[in-house]
Amino acid sequence: MDNPEPTTVEAVEQGPSEQQSLPLGFVRGEPVLERPEDLYIPPEALEIMLEAFSGPMDLLLYLIRRQKMDILDLPILQITRQYMEYVELMRELKLELAADYLVMAAMLAEIKSRLLLPKAPSEDEEELDPRAELIRRLQAYEVVREGARQLDDQPQQYRDYFVASAATDARTWAEQAPPDVSLAELSLALSRVMQLVNVQAHHQIKREALSTRERMSRILEKLSQCARLDFVELFDLSEGKAGVVVSFLAILELNKEGLLVLTQAEAYSGIYISAKSEVSQPGEATLR
Amino acid sequence: MINEKQLKQLVEAAIFTAEAPVTLDQLLTGVLANFSMNKPRLRQVLDQLQEDYKERGVQLVEVASGFRFQTRAELGPALAHMWSERAPRYSPALLETLAMIAWRQPVTRGEIEAVRGVSVSTQIMKTLQERGWVKVVGHKEVPGRPALYATTKAFLDYFSIQSVVDIPALAEPPESDTRERDNKEVSESGHE
Amino acid sequence: MINEKQLKQLVEAAIFTAEAPVTLDQLLTGVLANFSMNKPRLRQVLDQLQEDYKERGVQLVEVASGFRFQTRAELGPALAHMWSERAPRYSPALLETLAMIAWRQPVTRGEIEAVRGVSVSTQIMKTLQERGWVKVVGHKEVPGRPALYATTKAFLDYFSIQSVVDIPALAEPPESDTRERDNKEVSESGHE
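Taken in order, these protein sequences are the chains called A, B and C. Position 239 of the first sequence, counting from 1, maps to 239 under my numbering, and the rest follow consecutively. Position 18 of the second sequence, counting from 1, maps to 18 under my numbering, and the rest follow consecutively. Position 45 of the third sequence, counting from 1, maps to 45 under my numbering, and the rest follow consecutively.
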């Protein structure tokens, strides 16, 4: 399939002569062919042939090759005539003709007419050769066509080679690393939550240097480790006044929420803190 | 015709490229269909292949549904590295729950649900605790004694912050947040 | 620790179980991460493996995106027969479109059509992208902002090439300046 000539076109022609023109000259009864005995082409054959060409550039390149012509001195008159014969025949046979073929026909006709017109006096007439653009396109197309053919000749998967693989149970050892979260993402989530809260209750959220709520967590955490803590242990003097205030507020808040119990054996003695679930010692006064 | 060596290569290649284990019959009616082969001879070829791969990283084994190549058992843990890629991202629900815990800690699940307006899945709480970012610091003395959740030191370390108040969203009250966004939208649409 | 033999087995097993070709870096940072290895030593191991498999039904090859094991070239027809339902054929139109993209990438659909002289069917572009051979790498800053297409490593892997220049016809890059090209053509044709 990589090259249409051997598979389809030659089967149609059946002639030994290489230089012969394409056997399409019986169109409209005009005897344009050297070999009238080969005149008849079954429509199915032409249809197959048409399919074998990937487009008008492919057909044009084929016509040039048939003439053993060099692309660089594109014989525009001959090529245009042959191309038109093809297109006419395709139309006559009512084959579905892609619009691209007609576009090319128009382009060829235009170049032809410009060549036939008397040349305007010009210094660099070669620059103005109306064929130049078509030649450039034909050359580019030839590269692409050849590239496609060479690509098809390369070893291809499922046709020429298969990838080898082995089964494994190693996946069962695999641990999936948890996803990464950025502070920005967390911040965004917090904004959404804060907005929800804001809608529910008109709280004014103020920035605070130390979170009382976070401190409450730390105190509860400590209490879950040892049943009873000395009140003073909950203060870290290195945090300064603000830290002491936050710790004190946290203890009061926890007490208010009923999450801890403050006990004192007698006035001015040490204050102890325990989690609410710990049963308070009888005889000890509960500070409220 | 095909010689012994090519025959072995063909069987080897067929097993390596099959998507599932291959039976003797599949080989005989498949790749070997054009060569005069029988089961005993094929068995011999497979025995040889098993011997060839004895010391290799993959081995030819017969499992219930046929023959296949599989990796050497002891390589499992080392190979597991190949699949230890990162999991997909966390859901917004998980991040919101985490943010809620960071902000309102110590907090019960019920309190989180009251704010988010949806139930917090057990899976989310499990994931956050497994990650070491959230832990139970006590129980609220109300009926049912619900657990009180708080963020951990590991949580602060992960986000390289000293305290939850360093989460940028806490620095700005949400009202100003929305105003700013509206303005931004306006100026952006003005551009177009 | 791990000895030379186990190291080779590990690399071998990793390549056989990977879902795509594996690069040296992937091996070094993946399965070999816990062992002191470097590129030159790993190259040696791979060379040894290539040697080990020289006469086998599958061989270790280096393709554009890394190392993989694949079946011996001459076994293709016999294997294609066994797994026949998987052997696709590609039309000249598809191959030309693919060659055009490989040659002139990044390229717009309009540019492909200009050279091929025929409109490029949407089906072909879809197939090429579904196969992972071609992808959109940007948009050309002209009216309509058409997509710019380029070929991928998967394309190189499928056609067993390391680079587009391995296809002789496409090895010569197209000249960017058409005017210069026209001049050159004129002088060249004058030569003949």
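Cβ atoms here follow ideal geometry from the backbone N, Cα and C, with glycine treated the same way.
If you draw a straight line from the Cα of histidine 139 (chain C) to the Cα of glutamate 19 (chain B), it comes to about 39 angstroms. Put simply, the CB of glutamate 12 (chain C) is near chain B, with a gap under 8 angstroms to one of its CB atoms. Within the same chain, and ignoring the five residues on either side of arginine 81 (chain A) in sequence, no residue has its Cβ closer than 7 angstroms to its Cβ. Across the set A:Gln264, A:Pro178 and A:Lys276, the C-alpha of A:Lys276 shows the shortest separation from the C-alpha of serine 224 (chain A). Note on geometry: alpha-carbon atoms of histidine 81 (chain B) and proline 143 (chain C) lie some 48 angstroms from one another. Threonine 108 (chain B) has B:Leu148 as its beta-bridge partners, per DSSP. Looking at the DSSP output, threonine 71 (chain C) bridges to C:Val58.
Under the 8 angstroms criterion on CB atoms, methionine 125 (chain B) is classed as non-interfacial with respect to chain A. Among the CB atoms of chain A, none fall inside 8 angstroms of the CB of valine 45 (chain B). The contact set of glutamine 9 (chain B) on chain C, defined by CB atoms closer than 7 angstroms, consists of Arg56, Gly57, Arg72 and Leu75 in chain order. For the 8 angstroms CB-CB criterion, leucine 220 (chain A) and alanine 169 (chain B) do not form a contact. When secondary structure is reduced to three states using DSSP, glycine 55 (chain A) falls in the coil class, being assigned neither helix nor strand. Nearest CB-CB separation between glycine 110 (chain B) and chain A: not below the 8 angstroms threshold.
Secondary structure of alanine 64 (chain B) (DSSP, three-state): coil. Under the Cβ criterion of 8 angstroms, proline 75 (chain A) is not counted among the residues facing chain C.
Against chain B, the CB of glycine 66 (chain C) has no partner CB under 8 angstroms away; the residue lies outside that interface. Setting aside the 5 residues that flank it on each side, glutamine 26 (chain C) has no residue in the same chain whose C-beta is closer than 6 angstroms to its C-beta. Across the region 13 to 27 of chain B, CB contacts with chain C closer than 7 angstroms involve Ala13, Ala14, Phe16 and Thr17, in sequence order along the chain.
For methionine 100 (chain B), the C-beta contacts it makes with chain A under 7 angstroms involve Val193, in order along the chain.
Within 10 angstroms of the beta-carbon of threonine 29 (chain B) lie fewer than 16 other beta-carbons, which makes it exposed. DSSP lists no beta-bridge partner residue for glutamine 154 (chain A). Each residue's CA atom was taken as its position, placing threonine 152 (chain B) and arginine 218 (chain A) some 9 angstroms apart. Against chain A, the CB of lysine 140 (chain B) has a partner CB under 8 angstroms away; the residue lies at that interface. Using a C-beta cut-off of 8 angstroms, the region 265 to 276 of chain A makes no contact with the region 10 to 19 of chain B, since fewer than three inter-stretch Cβ pairs fall below that distance. Taking 8 angstroms as the threshold, the shortest C-beta distance from valine 164 (chain B) to chain C does not fall below it.
Annotation for isoleucine 124 (chain C): Ala93, Leu94 and Thr97 place their beta carbon closer than 7 angstroms to its own, counting only its chain and skipping 5 residues before and after.
Tyrosine 158 (chain B) has no beta-bridge partner at all, per DSSP.
DSSP, read as helix, strand or coil, puts lysine 135 (chain C) in strand. Within chain C, not a single residue places a beta-carbon under 9 angstroms from that of alanine 147 (chain B); the smallest gap is close to 38 angstroms.
For glutamate 96 (chain B), the residues of chain A that pass the 9 angstroms Cβ criterion are Ala189, Leu190, Arg192, Val193 and Leu196, in the order they occur in the chain. Aspartate 47 (chain C) and glutamine 67 (chain A) have their C-alpha atoms spaced approximately 52 angstroms apart.
It is roughly 11 angstroms from the alpha-carbon of alanine 73 (chain B) to the alpha-carbon of arginine 56 (chain B). At a cut-off of 8 angstroms, the C-beta of proline 92 (chain C) has a neighbouring C-beta in chain A.
By the criterion of a C-beta distance shorter than 6 angstroms, valine 22 (chain C) is surrounded in its chain by Ile15, Gly66 and Phe67, once the five residues flanking it on both sides are discounted.
In chain order, Ala78, Leu79, His81 and Met82 make up the part of chain C whose C-beta sits under 8 angstroms from the C-beta of valine 31 (chain B).
Beyond the five residues adjoining it in sequence on each side, glutamine 50 (chain B) comes within less than 6 angstroms, by CB distance, of Leu60 in the same chain, given in chain order.
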